[in-house]
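Q:
There are 2 protein chains.
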Amino acid sequence: MGADERVTERSQPARAYDRAVPQDRQVTIITVAERAGVSKTTASDALRGSGRVSEETRRLVVGVAEELGYVPNDSARHLRRARTGAIGLHLPEVLPRSDYYMSFVFGAVQAAADHGYDVTLLTSGTGVAPSRSPRVDGLVLGDPLADDPVVDKLMGSALPTVTCERYSGPGEPDGVVWSDHGAALQTLLGHLSDAGARRPALIVPGDESDWAASVHRAYREWCGQRGVALITRSVPFDANADATSAAARSLLTDEPQLDALVAAPTSAAATLLPVIREAGRRVGEDLLLASCVDAPALRFADPAITAIDVRPREAGAACAELLFELLTGSAVPGVERIHPIELNVRESTQRRRAA
Amino acid sequence: MGADERVTERSQPARAYDRAVPQDRQVTIITVAERAGVSKTTASDALRGSGRVSEETRRLVVGVAEELGYVPNDSARHLRRARTGAIGLHLPEVLPRSDYYMSFVFGAVQAAADHGYDVTLLTSGTGVAPSRSPRVDGLVLGDPLADDPVVDKLMGSALPTVTCERYSGPGEPDGVVWSDHGAALQTLLGHLSDAGARRPALIVPGDESDWAASVHRAYREWCGQRGVALITRSVPFDANADATSAAARSLLTDEPQLDALVAAPTSAAATLLPVIREAGRRVGEDLLLASCVDAPALRFADPAITAIDVRPREAGAACAELLFELLTGSAVPGVERIHPIELNVRESTQRRRAA
DNA sequence: ATGAAAGCGCTAACAA
DNA sequence: TTGTTAGCGCTTTCAT
């Protein structure tokens, strides 16, 4: 780093932060109590509004605390209450799905904040000390993949756990928030069929995620019931645009009678447009196109692409909420909750006359 | 939630988690000490490898701890050491940049894990209790926007703070990790010029982020020095594909002599391809196209789009690293560190003959 | 309606 | 090389 490092001059003398630097003296609950002329206990009760102290005293203490800039020490509080005040959030580190996960994260953070909780991010990366169990009161696992060893370990911990989508590996979460992706896909297939599609194909990741497995299963069912040929291509869960394009190309080449294409992965459908054009097909005319996971890129593509809105932010919030209910006992372990999703129909599946 | 809720039967009786449930008795350091026949202190020293105890005793204690499944209570440790063991990470909640931020986050989490720290996510969302200062030992702010009130508040806290990119609002961070986006853009402009471009245009967000401001400034400088006309369109920092497309369309209409287009925002360039095609221009032939922030979608676009690789994962890790150095005193407040970035030249800027 | 005292689990200062 | 003691700041009995 040598050559790339510089230090700007500052008004204050540089000082290290290796210890907490009590300006005068850390303002604790004792400071507040003394200053207000009450006991620790009373101060504590007043500040937390336990309803044990007189309104008058309460106001006095609160005033003093404010004046002193008192902020409760969470470590002490956590030690006393035997909890950490944080929930852990694990996500597969899959960049092509980052739109989804980003929203999911912020939804969870929001919900956690509403309950006074922090969200600690957990990764499956190499940095995870394998023996150290996370210092959190509970876990949310987004899209737990069956073959992720870190997920396995987390599921094996004694912590209350909520997964978003079902988990097919060993162990059962205490709560599950899931969306009926299968039903949504069948709605979509019905819509395509109504628009005249007879040979719909599906590009879908393998079955390590419950989401993909559900989508895949629903497709097979739907086609089976109608005697429609199964036309699928499988891609990795973390398939980037390249892999998905390759799948689409092979589909377009091998199945000339294809008249509808559903690409499950988020970002995929938008990047398929050039591939489709190259193949001499016209989206919305002789080929319908849709995605199982909506994204801004789909809404603004040309033509705009029909997709299932899985409402990731709300899903993240719902997972956190359920976890808190589990933590407080207002929900019982084993609960499953359905997170509603909906189909956004756009140009790409509304058959127009060729211009 | 009623109708959407169900409870699966489980082998164990359902039990709430509202209190920590000590199976027998929580295994503390005292348990370990007693079982090993040593004092608390010795057990503590042995487990942390303070080098105070004999090798023999150390092994004994460690063995016992392992056998008992002892895991240190971090709340107690934090209380004692007057620190929280977590760093806060704040990011603007900007979906169109989620690829970048997602990588950034995981880089930071990785680096933090290497130091035994957790990462707590902070948002500018509504859920943030305005009075509560975050329970962390330090802060990393990715792309602090000048007009974000939460960023202001965080910068105003007494916590050691590292920003990724400079902060132009009130207050100075203790550390800055920044990349020379200006220089990179000028390299890119030089490259476009070499490829024959005479009228390069720039689509760039406003100056609330230091990144965009730098890019914008470098463009003006470069053009100024060469007597090249300034052709720019401004978009919001969180511009989605729609806004960027509109800017590009206006550019292509108003400036028919345009022969190169640099779109600063991440995802933008790829979604510009249809717009450009519509306008009757051919990328890599009569119009060069590039982006200031690389992304998978650019690498796999057709044609592949030249972009500046800003290495977000490494940037996140570098910020966390710097923060830890600040925390331990091995770096002094006021330090700036440059995070190297590089240009990835691809088809979109290599002028080909028209086919 | 309020206080006094105990103690969460750990580490650091002081002894031996 | 090891043990004893004193808290970190808070919440919670148990008294009053």
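Protein chains in written order, with our numbering: chain Z, -3 to 351; chain P, -3 to 351.
Backbone N, C-alpha and C define an ideal beta-carbon position, used for all residues, glycine too.
Bear in mind the structure is a predicted one, so any value in this text is a computation, not a measurement.
In the DSSP assignment, the beta strand (DSSP E) including ASP114 of chain Z goes from what residue to what residue?
A: Note, ASP114 of chain Z: beta strand (DSSP E), 114 to 118.
Q: Kindly list, in the order they appear in chain P, the residues whose Cβ is closer than 9 angstroms to that of SER241 of chain Z.
A: Going along chain P in sequence order, the residues near SER241 of chain Z (Cβ under 9 angstroms) are PHE296 and ASP298.
Q: Near LEU64 of chain Z, what residues of its chain come up, given a Cβ to Cβ distance below 7 angstroms and the 5 sequence neighbours on each side ignored?
A: For LEU64 of chain Z, where only same-chain residues beyond five positions count, the Cβ hits under 7 angstroms are VAL23, THR27, VAL28 and ARG31.
Q: Give the single residue among P:ASP290, P:GLY178, P:SER94 and P:ALA297 whose Cα lies nearest to the Cα of VAL306 of chain P.
A: Closest by alpha carbon: P:ASP290.
Q: Please check the pair LEU141 of chain P and THR159 of chain P, which I expect to be a contact at CB under 8 angstroms, by giving their CB distance rounded to whole angstroms.
A: At roughly 11 angstroms, the Cβ-Cβ gap does not stay under 8 angstroms, so LEU141 of chain P and THR159 of chain P are not in contact.
Q: Mind listing the chain P neighbours of THR249 of chain Z? Cutoff is C-beta to C-beta under 8 angstroms, in chain order.
A: The contacting residues do not exist; THR249 of chain Z stays about 16 angstroms from chain P at best.
Q: Secondary structure at ALA259 of chain P, three-state DSSP: helix, strand or coil?
A: ALA259 of chain P: strand per DSSP, three-state reduction.
Q: For the stretch 60 to 78 of chain P, enumerate the residues whose C-beta is nearer than 8 angstroms to any C-beta of chain Z, in chain order.
A: Those would be VAL67, ASN69, ASP70, SER71, ALA72, HIS74, LEU75 and ALA78, in chain order.
Q: Could you check what DSSP says for HIS86 of chain P in three-state terms: helix, strand or coil?
A: Correct three-state label for HIS86 of chain P: strand.
Q: Note the first and the last residue of the continuous beta strand (DSSP E) segment covering SER287 of chain P.
A: SER287 of chain P -> beta strand (DSSP E) spans 284 to 287.
Q: Please name the residue in P:ALA313, P:VAL341, P:VAL328 and P:VAL147 whose C-alpha comes closest to that of HIS111 of chain P.
A: Of P:ALA313, P:VAL341, P:VAL328 and P:VAL147, the residue nearest in Cα terms is P:ALA313.
Q: With DSSP run on the structure shown, which of helix, strand or coil describes THR157 of chain P?
A: Three-state result, THR157 of chain P: strand.
Q: According to DSSP, is LEU254 of chain Z part of a helix, a strand, or is it coil?
A: It is coil, neither helix nor strand.
Q: With the cut-off set at 8 angstroms, would you say LEU284 of chain Z and ALA266 of chain Z are in Cβ contact?
A: No; because the gap between Cβ atoms is not below 8 angstroms, this pair is not in contact.
Q: So is ILE26 of chain Z in contact with chain P if we call contact Cβ pairs under 8 angstroms?
A: With 8 angstroms as the cut-off, ILE26 of chain Z does not count as an interface residue toward chain P.
Q: Based on the DSSP output, what are the partners of ALA303 of chain P in its beta bridges?
A: The partner list for ALA303 of chain P (beta bridge, DSSP) reads P:SER287 and P:ASN340.
Q: By a C-beta neighbour count over all protein chains shown, 10 Å radius and 16 as the cutoff for buried, is ALA179 of chain Z buried or exposed?
A: With fewer than 16 other Cβ atoms within 10 Å, it is exposed.
Q: Taking the straight line between their C-alpha atoms, what separation do you get for LEU294 of chain Z and ALA237 of chain Z?
A: Roughly 13 angstroms between the two C-alpha positions.
Q: In the structure shown, what three-state DSSP assignment does VAL172 of chain P receive?
A: It is a strand residue.
Q: Considering THR324 of chain Z, what are the terminal residues of the alpha helix (DSSP H) in which it resides?
A: Counting along the chain, the alpha helix (DSSP H) containing THR324 of chain Z begins and ends at 308 to 324.
Q: Near GLU332 of chain Z, what residues of its chain come up, given a Cβ to Cβ distance below 6 angstroms and the 5 sequence neighbours on each side ignored?
A: Excluding residues within five positions, the ones whose Cβ falls inside 6 angstroms are VAL172.
Q: Give the list of continuous alpha helix (DSSP H) stretches no shorter than 4 residues that lie fully inside the stretch 26 to 97 of chain Z.
A: Segments of the alpha helix (DSSP H) lying fully in the stretch 26 to 97 of chain Z: 36 to 44, 51 to 64 and 70 to 77.
Q: Return helix, strand or coil for GLU281 of chain Z, following the three-state DSSP convention.
A: Reduced to three states, the DSSP call for GLU281 of chain Z is coil.
Q: Please return the same chain residues whose Cβ sits closer than 8 angstroms to the Cβ of ARG342 of chain P, not counting the five positions on each side in sequence.
A: Once the five neighbours on either side are set aside, the close Cβ partners of ARG342 of chain P are LEU294, ARG295, PRO299, ALA300, ILE301, THR302 and ALA303.
Q: Indicate whether ILE334 of chain P and TRP207 of chain P have their beta-carbon atoms separated by less than 8 angstroms.
A: No, the pair does not count as a contact, with Cβ atoms beyond the cut-off.
Q: In this structure, what does DSSP give as the bridge partners for GLY138 of chain Z?
A: In the DSSP output, where bridge partners are listed per residue, GLY138 of chain Z has Z:CYS160.
Q: Does any C-beta atom of chain P lie closer than 8 angstroms to the C-beta of LEU285 of chain Z?
A: Chain P, which has no Cβ nearer than 8 angstroms to the Cβ of LEU285 of chain Z, makes this no.
Q: Please classify VAL17 of chain Z as buried or exposed, where buried requires at least 16 other C-beta atoms within 10 Å of its C-beta.
A: Note that VAL17 of chain Z has pLDDT 40, beneath the 50 cutoff, so the model's placement of it is unreliable and the number below is only indicative. Classification for VAL17 of chain Z: exposed.
Q: From this set, P:ARG195, P:GLU168 and P:VAL211, which residue's C-alpha is nearest THR183 of chain P's C-alpha?
A: When only C-alpha atoms are compared, the closest one is P:VAL211.
Q: For chain Z, find out if any of its Cβ atoms is closer than 8 angstroms to the Cβ of SER94 of chain P; answer yes or no.
A: By this cut-off, SER94 of chain P is an interface position.
Q: Would you identify the three-state DSSP class for ALA197 of chain P, choosing helix, strand or coil?
A: In the structure shown, ALA197 of chain P sits in a strand (DSSP, three-state: E or B).
Q: For CYS288 of chain P and GLY152 of chain P, what's the separation of their Cα atoms in angstroms?
A: Distance between the alpha carbons of CYS288 of chain P and GLY152 of chain P is about 31 angstroms.
Q: Candidates Z:GLU217, Z:ASP148, Z:THR80 and Z:PHE233: which alpha carbon is nearest ALA264 of chain Z's?
A: Per the Cα distances, Z:PHE233.
Q: Spatial neighbours of ILE337 of chain P within its chain, please: CB distance less than 8 angstroms, with the 5 preceding and 5 following residues excluded, ordered by chain position.
A: Hits under 8 angstroms: SER175, ASP176, HIS177, ALA180, ILE304, ASP305, VAL306 and ARG307.
Q: Got a sec? Which residues, its chain only, sit under 7 angstroms from HIS74 of chain Z by beta carbon, not counting five neighbours each side?
A: So the list reads THR80 and GLY81, once near-sequence residues are dropped.
Q: Can you give me the C-alpha to C-alpha distance between LEU318 of chain P and GLU89 of chain Z, rounded to a whole angstrom?
A: Those two C-alpha atoms are separated by around 23 angstroms.
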